[in-house]
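Q:
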Amino acid sequence: MGTWPDGAGVGTQEGPANDRRYASSASKDARGGLEMDDNVGTGGHVPVMLERVLELLAPALTGPAPVVVDANLGLGGHSEALLAAHPALHLIGIDRDPFAIEFSTRRLVPYADRTTLVHASSGDLAEVLDQAGRPLIDGALFDLGVSSPQLDEAGRGFAYSYDAPLDMRMDTSQELTAERVVNTYSAAELTRILRHYGEERFAQRVAGLIIKERAKEAITSTKRLADIVRDAIPAATRRTGGNPAKRTFQALRIEVNAELSALEAALPAALDALTLGGRVVVLSYHSLEDRLTKQALTARTKDTSPPGLPVPLPAHQPRFRLLTRGAELPSDEELARNPRAASARLRAAERIRVDD
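Be aware that the sequence shown starts at 1, since it is given in the UniProt record's numbering, and climbs by one per residue.
Here it is as structure tokens:
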């Protein structure tokens with residue numbers, strides 16, 4: 001997503017030509033939509049592993065009219081580079097954040113006739129492609145994680161380094177916020193999401209103190225929540241590993257935005273849509289995303305023929321091959337330019353067979 005997860009539901013619509021969420025910049029006023037300053041939240045934006053992403057996708061984009069879907073558009077840095085490198089490319093960009101759609105619409109004005117930008121969840125990727133009239137694609141990019149504006153704009157409530165309303169919505173039109181989760185979920189529910197989505201080993205302690213503190217007064221700010229989490233974590237543990245609130249904030253963000261369920265739907269849909277020779281690149285930023293990506297790609301690159309057969313069965317041959325050995329990491333040079341890339345892990349695969 002330009003720097004660091006992703007998707008609101010697509011819902012009923014009339015189609016790309018007259019759906020207000022289909023913000024193809026060919027038909028959208030470059031100054032329309034959200035009211036914002038051009039520089040808000042974008043100062044630290046550097047597309048992660050950009051050269052490697054371009055290198056991996058390039059062989060799939062040599063045809064006369066290639067199509068790429070950027071499933072986590074963000075500020076459009078990767079998309080802009082792809083459009084510039086491939087003059088025949090049509091790009092479909094998806095993002096659940098209205099700011100991202102608005103900003104990228106304006107950024108990609110020079111490529112207006114070759115872009116279709118959609119305000120939607122990446123989890124609705126299959127429906128987006130269908131309604132855009134592009135059921136088959138040549139490339140797919142998933143740049144998961146939180147985008148620069150979401151991190152850097154204090155009022156969004158994603159960062160524990162700012163005192164802000166406890167929000168964390170990527171799609172600001174949805175109802176569920178981190179404040180609602182923190183103040184209404186049961187102790188068991190809070191423990192579950194902290195343990196599963198935040199990999200917080202003190203999940204039960206943190207959940208218990210949240211329950212205790214919210215009984216006194218509703219927890220509405222990022223600072224108060226961060227203070228509560230810090231108090232719940234043993235002092236010896238707090239001395240290492242960075243801010244003790246980071247795992248709780250990650251867990252809440254994933255819960256509020258249904259990030260993992262979106263990826264579980266979107267990545268298989270993208271793989272299914274790839275043409276022969278088509279490629280997918282995934283940038284993930286924590287172990288949960290990377291694990292889901294690895295599982296999805298590994299499942300498509302295995303021979304599933306029953307053991308002991310003299311020859312493999314064609315129907316069970318792999319449809320994809322891995323393009324990376326394990327997960328690739330950013331170079332030292334990139335980390336010097338863009339410290340936020342430190343947690344990035346890149347995996348890629350290519351379709352080598354299609355079903356008869």
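Note that the Cβ used here is the ideal one computed from N, Cα and C, for glycine as well.
Check this for me: beta carbons of Leu322 and Arg279, under 8 Å apart or not?
A: On the sequence shown, position 322 is the one that residue 322 refers to. On the sequence shown, position 279 is the one that residue 279 refers to. In this structure, Arg279 does not lie closer than 8 Å to Leu322 by Cβ.
Q: Distance, Cα to Cα, Asp29 vs Ser122?
A: Working through the sequence shown from its first residue, we reach residue 29 at position 29. Working through the sequence shown from its first residue, we reach residue 122 at position 122. Residue placement at Asp29 is poorly supported in this model, since its pLDDT is 33, which falls under 50; the coordinates are not used for a value here.
Q: Just mark Val53 as buried or exposed, buried being the case when its beta carbon has 16 or more other beta carbons within 10 Å.
A: Here residue 53 refers to the residue found at position 53 of the sequence shown. Counting Cβ neighbours within 10 Å, Val53 comes out buried, since at least 16 surround it.
Q: Check each candidate in Tyr111, Gln317 and Asp70 and name the one with the smallest Cα separation from Ala299.
A: Stepping through the sequence shown from its first residue, residue 299 is reached at position 299. Comparing Cα positions, the closest option is Gln317.
Q: Considering only residues of the same chain and omitting the five flanking positions on each side of Pro66, which have a CB-CB separation below 6 Å?
A: Indexing the sequence shown from 1 puts residue 66 at position 66. Excluding residues within five positions, the ones whose Cβ falls inside 6 Å are Leu89 and Asp138.
Q: Among the candidates Arg205, Leu309, Leu166 and Pro87, whose CA atom is the shortest distance from the CA of Pro64?
A: If you number the sequence shown from 1, residue 64 lands on position 64. Of the candidates Arg205, Leu309, Leu166 and Pro87, the one whose C-alpha sits nearest the C-alpha of Pro64 is Pro87.
Q: Along the alpha helix (DSSP H) that carries Asp355, what are the first and last residues, could you check?
A: Within the sequence shown, numbered from 1, the residue matching residue 355 stands at position 355. Where Asp355 is concerned, there is no enclosing alpha helix (DSSP H), given that its DSSP letter is neither H nor E.
Q: Starting from the Cα of Ala85, find the closest Cα among Val48, Ile352, Asp124 and Leu61 and give me that residue.
A: Here the question's residue 85 lines up with position 85 in the sequence shown. Considering only alpha carbons, the answer is Leu61.
Q: Can you tell which of Ala258, Ala218 and Leu75 has the C-alpha that lies nearest to the C-alpha of Ile101?
A: For the purposes of this step, residue 101 is identified with residue 101 of the sequence shown, where counting begins at 1. The shortest C-alpha separation from Ile101 is found at Leu75.
Q: Can you look up Gly77 in the DSSP assignment and give me helix, strand or coil?
A: Against the sequence shown, residue 77 aligns to sequence position 77. Looking at Gly77 - three-state DSSP - the assignment turns out to be helix.
Q: Answer yes or no: do Ala245 and Val256 have a C-beta to C-beta separation smaller than 8 Å?
A: Within the sequence shown, residue 245 is the residue found at index 245, counting from 1. Within the sequence shown, residue 256 is the residue found at index 256, counting from 1. No.
Q: Could you tell me which uninterrupted beta strand (DSSP E) segments, each at least 3 residues in length, are contained entirely in the region 109 to 135, listed from first to last along the chain?
A: Segments of the beta strand (DSSP E) lying fully in the region 109 to 135: 115 to 119.
Q: Buried or exposed: Thr42, going by 16 or more other Cβ atoms within 10 Å of its Cβ?
A: Walking along the sequence shown from the start, residue 42 turns up at place 42. Any reading at Thr42 must be qualified, since the residue scores a pLDDT of 44, below 50, and its modelled position is unreliable; the value itself is stated next. Buried, because 16 or more other Cβ atoms sit within 10 Å of the Cβ of Thr42.
Q: Using three-state DSSP, classify Gly208 as helix, strand or coil.
A: For the purposes of this step, residue 208 is identified with residue 208 of the sequence shown, where counting begins at 1. Note: Gly208 maps to helix in three-state DSSP.
Q: Rank Ala265, Gly326, Asp272 and Arg192 by C-alpha distance to the C-alpha of Asp355 and give the top, closest one.
A: As a working mapping, residue 355 is identified with position 355 in the sequence shown. Selected option, being the one with the closest Cα: Asp272.
Q: With a threshold of 8 Å between beta carbons, is Ala342 in contact with chain B?
A: Of the protein chains in this structure there is only one, and it is not chain B.
Q: Determine the closest residue to Met170 out of Val181, Ala232 and Arg96, with distance taken between C-alpha atoms.
A: The residue you call residue 170 lines up with position 170 of the sequence shown. Selected option, being the one with the closest Cα: Arg96.
Q: Whole beta strand (DSSP E) runs in the region 56 to 106 with 3 or more residues, listed along the chain?
A: Qualifying beta strand (DSSP E) stretches, in chain order: 67 to 70 and 90 to 95.
Q: Distance check for Val69 and Leu209, CA to CA, integer angstroms please.
A: Within the sequence shown, residue 209 is the residue found at index 209, counting from 1. Within the sequence shown, residue 69 is the residue found at index 69, counting from 1. About 43 Å.
Q: Please state whether DSSP places Phe202 in a helix, a strand or coil.
A: Reading the sequence shown from its first residue, position 202 is the one you call residue 202. In the structure shown, Phe202 sits in coil (DSSP, three-state: anything other than H, G, I, E or B).
Q: Helix, strand or coil for Ala262, going by three-state DSSP, please let me know.
A: The sequence position of residue 262 within the sequence shown is 262, counting from 1. Helix, per DSSP.
Q: Look up Glu350 in the DSSP assignment and say whether it is helix, strand or coil.
A: The residue labelled residue 350 in the question sits at position 350 within the sequence shown. Residue state, collapsed to three classes: strand.
Q: I need the straight-line Cα distance from His286 to Ser343, nearest angstrom please.
A: On the sequence shown, residue 286 is found 286 positions in, with the first residue counted as 1. On the sequence shown, residue 343 is found 343 positions in, with the first residue counted as 1. Those two C-alpha atoms are separated by around 7 Å.
Q: Got a sec? Which residues, its chain only, sit under 6 Å from Arg214 by beta carbon, not counting five neighbours each side?
A: Indexing the sequence shown from 1 puts residue 214 at position 214. Within the same chain, Arg214 has close Cβ partners Asn183.
Q: Mind reading off the beta-carbon distance from Leu144 to Ser284? Whole number of angstroms is fine, and I expect it under 8 Å.
A: Your numbering for residue 144 matches position 144 in the sequence shown. Your numbering for residue 284 matches position 284 in the sequence shown. Right, their Cβ atoms sit about 5 Å apart.
Q: Let me confirm a value: Thr237 is counted as buried when at least 16 other C-beta atoms fall within 10 Å, else exposed. Which label applies?
A: Looking up residue 237 in the sequence shown gives position 237. Thr237 should be labelled exposed.
Q: Could you give the residue range of the beta strand (DSSP E) that holds Asp143?
A: Here the question's residue 143 lines up with position 143 in the sequence shown. Its beta strand (DSSP E) spans residues Ile137 to Asp143.
Q: Using 10 angstroms around the beta-carbon of Arg345, count the other beta-carbons present and answer buried if the total reaches 16, otherwise exposed.
A: As a first step, residue 345 must be located in the sequence shown, where it is residue number 345. Flag for Arg345 reads buried.
Q: Return the residue from the list Leu313, Glu264, Ser305 and Ala270 that minimises the CA-CA distance to Leu292.
A: Counting from one through the sequence shown, the residue named residue 292 turns up at place 292. Taking only the C-alpha atoms, the option nearest Leu292 is Glu264.
Q: Along the chain, where does the alpha helix (DSSP H) containing Thr191 start, and where does it finish?
A: The residue given as residue 191 occupies position 191 in the sequence shown. Residues Ala187 to Tyr197.
Q: Express the C-alpha separation of Arg319 and Leu309 in angstroms, rounding to a whole number.
A: Counted from its first residue, the sequence shown places residue 309 at position 309. Counted from its first residue, the sequence shown places residue 319 at position 319. Answer to the nearest angstrom: the Cα atoms are 19 Å apart.
Q: What are the start and end residues of the alpha helix (DSSP H) that includes Arg321?
A: As a first step, residue 321 is located in the sequence shown; it is residue number 321 there, counting from the start. Premise fails: Arg321 lies in the beta strand (DSSP E), Phe320 to Leu322, not in any alpha helix (DSSP H).
Q: Here's the rule I'm using: 16 or more other beta-carbon atoms within 10 Å means buried, otherwise exposed. How should Glu35 be labelled?
A: On the sequence shown, residue 35 is found 35 positions in, with the first residue counted as 1. For Glu35, the predicted structure reports a pLDDT of 37, less than 50, and the residue's modelled location is therefore unreliable. A value from the coordinates is still provided. Exposed.
Q: Quick check on the burial criterion: 16 or more other C-beta atoms within 10 angstroms. Buried or exposed for Leu260?
A: What you label residue 260 is simply residue 260 of the sequence shown in a count that begins at 1. When all chains shown are included, Leu260 counts as buried.
Q: Do you know offhand how far Ala188's Cα is from Ala251's?
A: Mapped onto the sequence shown, residue 188 falls at position 188. Mapped onto the sequence shown, residue 251 falls at position 251. Between Ala188 and Ala251, the C-alpha separation is close to 14 Å.
Q: Determine which residues share a DSSP beta bridge with Glu328 and list them.
A: Walking along the sequence shown from the start, residue 328 turns up at place 328. The partner list for Glu328 (beta bridge, DSSP) reads Leu346.
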